[in-house]
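K.L.:
Below are the structure tokens for one structure; questions will follow.
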Amino acid sequence: MTRYAIEYWLLRAALGVFGMMTPDAASGAGGALFKTIGPVMGISKTARKNLRLCFPDWTEAHVESTIKGMWENLGRVVGEYPHLEAISKSDRVTFRNPAVFEGLRGKPVIFVSGHLGNWEVLPPALLFRQQVTMHSVYRAPNNPKVDALLLTLRAFGARLRSFGKNRRGLAETLRALQEGASVGMLIDQKMNTGIEVPFFGHPAMTSTAFVELAKKLGCPAIPGRIVRTGGCRFEIEIYEPLAIEGRDTAAIVADMHAHLESWIKEQPEQWLWLHRRWKKAD
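Structure below.
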């Protein structure tokens, strides 16, 4: 059996087990498992480097506590995967400013966010609770079988689509916006073909696609985040649109990263520190 096949069957088995649990139990079990094994895995070295770069005054105990919390949050994300629709339709998800959605339904909007809380809850929550169709732009896993499985879980009966971070995906994203749908973009990962903007006081290569699309189509780019408020419960907050017209692309991207930085500082354990975001941390 190939490595990709093993990864696929392990993930499918895990999701099957989590699917037999209640959302709360699955979330808790995933969190407990990941916070136990995650901190001792080699990939946690990247998280430690990132945290020391961004918070040089932190003690090692603070760094390790945050890494443990990050792994717990990630484990909860995995445990919650089979329950995304049930979670999104329930009062487990609240909206801090729901009135903002009144003017967004049926209009093309680019929602801009990062890998915070359970980012996978955002699209179905907007669909089922606010009647806003938000497709997603995502980075496909290297394993095509895993990719296909996750795409199925995210589709919710073909009502939501996922577009890859490539030329074809960009064309599909453009077409969806032109058809009046909204699109969600997580811009907190390194993009070598992007531009450098300050992030936690250090230059970080970042995609400019959300700005280019907003300028091309004249649609708003709106920051938003989802916060895990405890266990399997969340709050979604949508902000004022970013100022786009007449402004330099780099300044707009920097504004969005200022939002991301402030959110991460509030709950650093809810962000995915495992990505090689900065050259200095490599």
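The numbering used here numbers the first residue of the sequence shown as 118 and each following residue consecutively.
Think of the CB as a built atom: it goes at the ideal place given N, C-alpha and C, for glycine as much as any other residue.
Remember, it's a predicted structure, so these values are computed and weren't measured experimentally.
Figure out for me which residue from 254, 310, 276, 261 has the closest Cα to the Cα of residue 291.
P.N.:
As a working note, residue 291 is residue 174 in the sequence shown. If we check each option's Cα against that of residue 291, 254 comes out closest.
K.L.:
Let's see if you can read the secondary structure: which residues bound the beta strand (DSSP E) around residue 338?
P.N.:
Reading the sequence shown from its first residue, position 221 is the one you call residue 338. Unbroken beta strand (DSSP E) run through residue 338: 338–347.
K.L.:
If you run the structure through DSSP and keep just helix, strand and coil, what is residue 228?
P.N.:
Working through the sequence shown from its first residue, we reach residue 228 at position 111. Residue state, collapsed to three classes: strand.
K.L.:
For residue 358, which of helix, strand or coil comes out of DSSP?
P.N.:
Locating residue 358 in the sequence shown gives position 241, counting from the first residue. The answer is coil: DSSP assigns residue 358 none of H, G, I, E or B.
K.L.:
Between the C-alpha atoms of residue 285 and residue 301, what's the straight-line distance to the nearest angstrom?
P.N.:
Working through the sequence shown from its first residue, we reach residue 285 at position 168. Working through the sequence shown from its first residue, we reach residue 301 at position 184. Taking the straight line from one Cα to the other gives about 16 Å.
K.L.:
How would you call residue 387, buried or exposed, if buried means at least 16 neighbouring beta carbons within 10 angstroms?
P.N.:
The residue labelled residue 387 in the question sits at position 270 within the sequence shown. Residue 387 comes out buried.
K.L.:
Let's see if you can read the secondary structure: which residues bound the beta strand (DSSP E) around residue 370?
P.N.:
Taking the sequence shown and counting its residues from 1, one reaches residue 370 at position 253. Segment 366–383 is the alpha helix (DSSP H) holding residue 370; no beta strand (DSSP E) there.
K.L.:
Given this structure, state the Cα-to-Cα distance separating residue 220 from residue 357, to the nearest angstrom.
P.N.:
Residue 220 sits at position 103 when you count from the first residue of the sequence shown. Residue 357 sits at position 240 when you count from the first residue of the sequence shown. So the two alpha carbons sit approximately 12 Å from each other.
K.L.:
Would you mind working out which of 128, 158, 376, 148 sits nearest residue 341, comparing C-alpha positions?
P.N.:
Here residue 341 refers to the residue found at position 224 of the sequence shown. Per the Cα distances, 376.
K.L.:
For residue 301, which three-state DSSP category applies?
P.N.:
Locating residue 301 in the sequence shown gives position 184, where the first residue counts as 1. Here residue 301 sits in strand by DSSP.
K.L.:
If you draw a straight line from the C-alpha of residue 322 to the C-alpha of residue 172, how long is it?
P.N.:
Taking the sequence shown and counting its residues from 1, the one referred to as residue 322 is at position 205. Taking the sequence shown and counting its residues from 1, the one referred to as residue 172 is at position 55. Answer to the nearest angstrom: the Cα atoms are 19 Å apart.
K.L.:
Return the Cβ separation of residue 327 and residue 304 in integer angstroms, given the expectation that the two are a contact with Cβ distance under 8 Å.
P.N.:
To locate residue 327, count along the sequence shown from 1; it is residue 210. To locate residue 304, count along the sequence shown from 1; it is residue 187. Confirmed, Cβ separation roughly 6 Å.
K.L.:
Check whether the Cβ atoms of residue 135 and residue 147 lie closer than 9 Å to each other.
P.N.:
Within the sequence shown, the letter at position 18 stands for residue 135. Within the sequence shown, the letter at position 30 stands for residue 147. Their beta carbons are under 9 Å apart, which means residue 135 touches residue 147 by this criterion.
K.L.:
Look up residue 160 in the DSSP assignment and say whether it is helix, strand or coil.
P.N.:
Here residue 160 is taken as the residue at index 43 of the sequence shown, counted from 1. The answer is coil: DSSP assigns residue 160 none of H, G, I, E or B.
K.L.:
Whole angstroms is fine: what's the gap from residue 61's alpha carbon to residue 368's?
P.N.:
Only positions 118 to 399 of the chain appear in this structure, which leaves residue 61 out of reach.
K.L.:
Taking Cβ to Cβ, would you say residue 294 is nearer than 9 Å to residue 330?
P.N.:
For the purposes of this step, residue 294 is taken as residue 177 along the sequence shown, with counting starting at 1. For the purposes of this step, residue 330 is taken as residue 213 along the sequence shown, with counting starting at 1. A contact, by the Cβ cut-off of 9 Å.
K.L.:
Classify residue 322 as helix, strand or coil using the three-state DSSP reduction.
P.N.:
One-based indexing of the sequence shown puts residue 322 at position 205. Reduced to three states, the DSSP call for residue 322 is strand.
K.L.:
Hey, would you say residue 355 sits closer than 9 Å to residue 245, going by beta carbons?
P.N.:
In the sequence shown, the residue the question calls residue 355 occupies position 238. In the sequence shown, the residue the question calls residue 245 occupies position 128. Cβ distance not < 9 Å, so residue 355 and residue 245 don't count as in contact.
K.L.:
Would residue 225 and residue 359 qualify as a contact pair, given that the criterion is a beta-carbon distance under 9 Å?
P.N.:
Within the sequence shown, residue 225 is the residue found at index 108, counting from 1. Within the sequence shown, residue 359 is the residue found at index 242, counting from 1. For residue 225 and residue 359, no; Cβs fall outside 9 Å.
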